[in-house]
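Structure first, then comments.
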């Protein structure tokens with residue numbers, strides 16, 4: 371039985387080297403993850419997905435413009451900032467926040483089997499994106515949280531074999547969170563400031 375995880379590029383396969391996180395593989399995994407919001411079957415989640423894909427595009431554009439100096443996300447940022455620009459760097463910051471939001475929501479939901487998906491996403495929003503969002507954006511994300519499917523329906527969309535779905539979540543979520551934590555530490559460092 372196939373699950374949603376069988377069709378994505380996994381964060382578990384994104385290399386972490388001494389120079390940082392591999393850019394191409396990270397962007398491919400992030401792009402794959404955005405398809406999770408299609409499973410929510412609500413137009414409200416379009417806002418979340420568009421936010422992520424817009425930021426992926428900013429980072430990918432820089433990678434394609436200067437691939438030799440952008441092999442890792444960390445190199446991409448340092449080298450972009452040398453040009454006195456920060457489009458991709460800012461995109462990566464927001465992408466990292468969006469991925470943190472998604473990872474925390476999924477982690478909460480896996481760890482709390484009686485919790486509804488909407489509660490897990492609301493919980494995660496408060497500690498990740500909400501402090502950075504304007505009063506115009508907050509209601510859009512709030513609408514998305516309210517539009518979450520019921521847990522049983524969401525998990526059924528991830529795959530019919532629930533043991534394999536949980537196995538996929540338990541592989542993907544820690545890998546995503548590990549890479550987000552590495553990025554958070556880097557983005558908070560002086561070399562990532564503009």
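Residue numbers (this note's numbering): 371 to 564.
Each residue gets a CB set at the ideal place from its N, CA and C atoms; glycine is no exception.
Just measuring C-alpha positions, the residue of 475, 506, 482, 484 sitting nearest residue 492 is 475. Here residue 405 carries a helix assignment [DSSP, helix/strand/coil]. Non-local beta-carbon contacts of residue 426 in its own chain, meaning distances under 7 Å to residues more than five positions away in sequence, involve 397, 400, 401, 465 in chain order. Under the three-state reduction of DSSP output, residue 391 falls in the strand class.
Counting along the chain, the unbroken alpha helix (DSSP H) around residue 418 starts and ends at 415-435. When only Cα atoms are considered, residue 459 and residue 502 end up about 16 Å apart. In this structure, the beta-carbon distance from residue 533 to residue 380 does not fall below 8 Å. Here residue 442 is bridged, per DSSP, to 392.
The segment 410-417 makes contact with the segment 507-517; the number of CB pairs closer than 8 Å reaches 3 or more. Non-local C-beta neighbours of residue 421 in its own chain, meaning closer than 8 Å and more than five positions away in sequence, comprise 464, 468, ordered along the chain. Here residue 480 is actually not in contact with residue 373; their C-beta atoms are around 14 Å apart, not less than 8 Å. A direct Cα-Cα distance of roughly 11 Å separates residue 440 from residue 389.
Leaving aside the five residues that flank residue 562 on each side, the residues in its chain whose CB is nearer than 6 Å to its CB run, in chain order, 447, 556. Nearest Cα to residue 413 within the set 515, 542, 541, 483: 515. The residue from 525, 497, 548 with its alpha-carbon nearest to that of residue 386 is 548. Taking all protein chains in view, the Cβ of residue 538 is crowded by 16 or more other Cβ atoms within 10 Å, so the residue is classified as buried.
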